[in-house]
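Letter 111 of the sequence shown, counting from 1, is numbered 111 in the UniProt record's numbering, and no numbers are missing. Virtual Cβ for every residue (Gly too), placed ideally from N, Cα, C. None of the values given here were measured: they were computed from a predicted structure. Accompanying notes for the structure given below.
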Amino acid sequence: MLKRHEWQRKRSEINDLSNGSVEIRPYRDSDFLDFLNIHPQGAYFNAPYIVQNLDDLHSLIMAVLDDRVVGYVYYEDFKADGFTDICFLNVLQSVQNRRIGTKLIEKAIEDSFKKSEIKKIEISVRVDNTAAFRLYQRLGFKEILLFEIKKPFGKIPKGLIVQTASFICFSCFLVTIAGVCR
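Right under this line is the structure:
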């Protein structure tokens, strides 16, 4: 659970430590090549698909440093189900550990919780991604599920090779006026 006063304290800490020279803003068409270079190849949504499907339920927020896109967060709102799913958060390795990922996630949280239908935010992370794991915990996300995905790797002829990935699903809840997380 994330209580209102905890989120406000965390948000204040983030703002105090943030790098003022990083601009956090919505995606622009001129960002496409930088976005394409940052977005992982082989991801379940490719860069053109994400850009083509941007609307009021699908958001792409960019981090810009020195007139260059250095990171992004992509998230989808499921208003009927009351949650936002943060699908991708990527920051160039050369600028990591400068709170850029934190600022991107904070923007996604703020934008999502402004919508009255959104009551919680979910995000999944590989269990071996300890930096992301710590970031999400620091922002108030709580671990809700550990799951494993197995999928065939490469061609499937005689010797089937299975690629396994373990993920942890986190959730962050919106605080009601009474101060209780739902």
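Residue range of the unbroken beta strand (DSSP E) whose run includes residue i
i, result
"residue 215", "Residue 215 lies beyond the range of the chain shown here (1 to 182); nothing can be said about it."
Residues bridged to residue i [DSSP beta-bridge criterion]
i, result
"TYR74", "LEU60, PHE88"
"VAL95", "Answer by DSSP bridge pairing: none, since VAL95 is not bridged."
"ASP55", "HIS58"
Cβ neighbour criterion (16 or more within 10 Å) applied to residue i
i, result
"GLY42", "exposed"
"PHE141", "buried"
"LYS114", "exposed"
"ILE100", "buried"
"ALA47", "buried"
"LYS103", "buried"
"ASP77", "buried"
"ILE50", "buried"
"LYS158", "At LYS158, the pLDDT of 48 sits below 50, so the modelled position is not reliable; the number obtained from the coordinates is stated separately. Flag for LYS158 reads exposed."
"LEU33", "exposed"
"SER30", "exposed"
"ARG98", "buried"
"LEU89", "buried"
Reduced DSSP category for residue i - H, G, I as helix; E, B as strand; rest coil
i, result
"LEU65", "strand"
"PRO48", "helix"
"residue 183", "Since the displayed the chain opens at 1 and closes at 182, residue 183 lies outside it and no answer follows."
"LYS79", "helix"
"ILE118", "coil"
Run of the alpha helix (DSSP H) containing residue i, from where it starts to where it stops
i, result
"GLU106", "100-113"
"GLN41", "First-last for GLN41: undefined, no H or E at that position."
"PHE141", "Looking at the DSSP string, PHE141 is not in any alpha helix (DSSP H), and its letter there is neither H nor E."
Min CB distance residue i to chain C below 8 Å
i, result
"PHE133", "Among the chains in the structure shown there is no chain C, since it carries only a single protein chain."
Are at least three pairs of beta-carbons, each pair with one atom in the stretch 109-125 and one in the stretch 73-84, less than 8 Å apart?
Three or more pairs of CB atoms, one per stretch, sit closer than 8 Å, so the stretch 109-125 contacts the stretch 73-84.
Stretch pair the stretch 102-113 + the stretch 124-134: three plus CB contacts closer than 8 Å
Put simply, the stretch 102-113 does not touch the stretch 124-134. Fewer than three CB pairs are less than 8 Å apart.
Any chance the stretch 23-41 sits against the stretch 61-68, with 3 or more Cβ pairs inside 8 Å?
Using a Cβ-Cβ distance cut-off of 8 Å, the stretch 23-41 and the stretch 61-68 are in contact, since at least three pairs of beta carbons, one from each stretch, lie closer than that value.
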